[in-house]
Amino acid sequence: MSDADGTGAWVSLFSGGKDSSWALYQALETDLDVQRLVTVHPSEDSYMYHVPATDLATLAAESTGIELVDVDPADFDADSATDSGEQGDAELEPLEAALEELDADLDGGIAGVTAGAVESEFQTNRIEAMCDRLGCDLFAPLWQEHPRTLADEMLEAGFEIKIIQTAAYGLDESWLGRTLDQDALAELETLNEEYGVHILGEGGEFETLVVDGPHMDQRIALEYETEWDRDGGRGSIRVTDATLE
Numbered sequence: 000m001s002d003a004d005g006t007g008a009w010v011s012l013f014s015g016g017k018d019s020s021w022a023l024y025q026a027l028e029t030d031l032d033v034q035r036l037v038t039v040h041p042s043e044d045s046y047m048y049h050v051p052a053t054d055l056a057t058l059a060a061e062s063t064g065i066e067l068v069d070v071d072p073a074d075f076d077a078d079s080a081t082d083s084g085e086q087g088d089a090e091l092e093p094l095e096a097a098l099e100e101l102d103a104d105l106d107g108g109i110a111g112v113t114a115g116a117v118e119s120e121f122q123t124n125r126i127e128a129m130c131d132r133l134g135c136d137l138f139a140p141l142w143q144e145h146p147r148t149l150a151d152e153m154l155e156a157g158f159e160i161k162i163i164q165t166a167a168y169g170l171d172e173s174w175l176g177r178t179l180d181q182d183a184l185a186e187l188e189t190l191n192e193e194y195g196v197h198i199l200g201e202g203g204e205f206e207t208l209v210v211d212g213p214h215m216d217q218r219i220a221l222e223y224e225t226e227w228d229r230d231g232g233r234g235s236i237r238v239t240d241a242t243l244e
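The numbers in numbering that gives the first Met the number 0 rise by one with no breaks, and the one at position 7 of the sequence shown is 6.
The structure is reproduced here in structure tokens:
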């Protein structure tokens with residue numbers, strides 16, 4: 000594994016969403032040598048990973064100029080899991096295997112991994128244990144930070160964040176494709192007070208895609224249709240075209 004003196008490459012767990020993108024951006028701002036992005040493409044019922052539109056991570060990675068490694072959903076073997084803990088462990092296995100391969104391939108091995116965890120101990124504990132097994136560091140700059148402060152910092156840095164999926168009372172179809180700006184944050188704070196909606200969507204209330212930011216050379220332009228389940232009160236965008244401007 001990586002040398003004890005910290006030499007080696009950094010790898011960012013990357014979905015294209017705001018949290019993993021912010022962790023990547025903060026790593027680059029801290030001069031960590033990020034040489035790979037790793038995107039896991041999970042099933043629809045993942046306990047560990049951001050699910051929607053992970054295919055667009057390819058464009059986001061191209062815009063950052065950092066090579067992307069995909070972890071395919073066919074690598075998962077969580078069907079036999081009897082509870083969320085077992086499924087979370089099973090979902091982690093293909094990611095850990097991919098990181099072990101990178102550790103062998105990268106010059107100096109893996110020095111550390113970045114993650115966009117905010118409040119989920121379920122996810123963070125497993126990622127920390129994985130890093131311990133790999134003998135590398137974990138960089139999680141969002142961990143237990145104030146949600147509104149994080150959101151404000153993302154916008155101040157120049158992140159353009161699109162909401163691509165919603166699943167919470169108070170978030171109607173008009174939120175699909177909406178840009179997460181100061182007006183949206185103010186509304187989310189009201190929804191937090193009324194219904195408990197997390198300002199960063201940490202409880203799965205909404206999912207995002209970063210289409211532009213200071214870590215990206217080109218903006219991602221999207222064409223999409225909205226798909227709304229009126230009975231279930233949830234929806235997502237279906238991207239019909241995506242290009243780098």
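For every residue, glycine included, the Cβ atom is placed at its ideal position computed from N, Cα and C.
Residue burial classification, residue i (beta-carbon count within 10 angstroms, cutoff 16)
| i | result |
| --- | --- |
| Arg125 | buried |
| Ser19 | buried |
| Asp211 | buried |
| Thr239 | exposed |
| Gly111 | buried |
| Phe138 | buried |
| Gln25 | buried |
| Phe13 | buried |
| Ser235 | buried |
| Glu206 | buried |
| Pro213 | exposed |
| Phe121 | exposed |
| Thr38 | buried |
| Thr29 | exposed |
| Gly157 | exposed |
| Thr113 | buried |
| Thr178 | exposed |
Segment limits, alpha helix (DSSP H) that includes residue i
| i | result |
| --- | --- |
| Ser19 | 17-28 |
| Tyr194 | 181-194 |
| Ser14 | That residue, Ser14, is in no alpha helix (DSSP H); it is neither H nor E in DSSP. |
Which of helix, strand or coil DSSP assigns to residue i
| i | result |
| --- | --- |
| Trp142 | coil |
| Leu170 | coil |
| Ala103 | helix |
| Leu31 | coil |
| Glu159 | strand |
| His49 | Residue confidence is low: His49 scores 49 on pLDDT, short of 50, so the model does not pin down where it sits. No coordinate-derived value is stated. |
| Leu98 | helix |
| Asp131 | helix |
| Pro93 | helix |
| Glu294 | Past the boundaries of the shown model lies residue 294; the chain is included only from 0 to 244, so the question cannot be answered. |
Sequence-distant residues of its chain with Cβ nearer than 8 angstroms to residue i (five each side left out)
| i | result |
| --- | --- |
| Ile109 | Met0, Ser1, Gly7, Ala8, Trp9, Val10, Leu98, Leu101, Asp102, Leu133, Cys135 |
| Glu95 | Met129, Arg132, Leu133 |
| Val117 | Asp18, Leu141, Trp142, Gln143, Glu144, Pro146, Leu149, Leu199, Glu201 |
| Glu188 | Arg147, Ile198 |
| Arg40 | One detail in the question is off: residue 40 reads as His in this sequence, not Arg. So the qualifying residues of the chain are Thr53, Asp54, Asp69, Val70, Asp71, Pro72. |
Beta-ladder partner(s) of residue i, from DSSP
| i | result |
| --- | --- |
| Arg125 | BP columns for Arg125 are empty, so no partner. |
| Ser235 | Gln164, Glu226 |
| Leu221 | Ala241 |
| Gly7 | Paired residues: none, contrary to the question. |
| Leu36 | Ser11, Leu67 |
| Val112 | Val10, Leu137 |
| Val117 | Partner(s): none; Val117 has no beta bridge. |
| Thr148 | In the DSSP output, where bridge partners are listed per residue, Thr148 has none listed. |
| Thr178 | Lys161 |
Own chain, CB closer than 6 angstroms to residue i, minus 5 neighbours either side, in chain order
| i | result |
| --- | --- |
| Ala60 | Leu36, Leu67 |
| His197 | Glu204 |
| Leu31 | Trp9 |
| Leu184 | Ala150 |
| Trp174 | Ile162, Thr165 |
| Met215 | Ser62, Thr63 |
| Ile160 | Lys17, Leu179, Thr207, Val209 |
Residues of its chain near residue i, where Cβ-Cβ distance is below 7 angstroms and the 5 sequence neighbours each way are ignored
| i | result |
| --- | --- |
| Tyr168 | Tyr194, Gly232 |
| Gln217 | Ser62, Leu243, Glu244 |
| Leu58 | Ile219, Ala241, Leu243 |
Enclosing beta strand (DSSP E) for residue i [first to last residue]
| i | result |
| --- | --- |
| Glu66 | 66-70 |
| Thr207 | 205-211 |
Minimum Cβ-Cβ distance from residue i to chain B less than 7 angstroms
| i | result |
| --- | --- |
| Glu120 | Here chain B cannot be found, since the structure has a single protein chain. |
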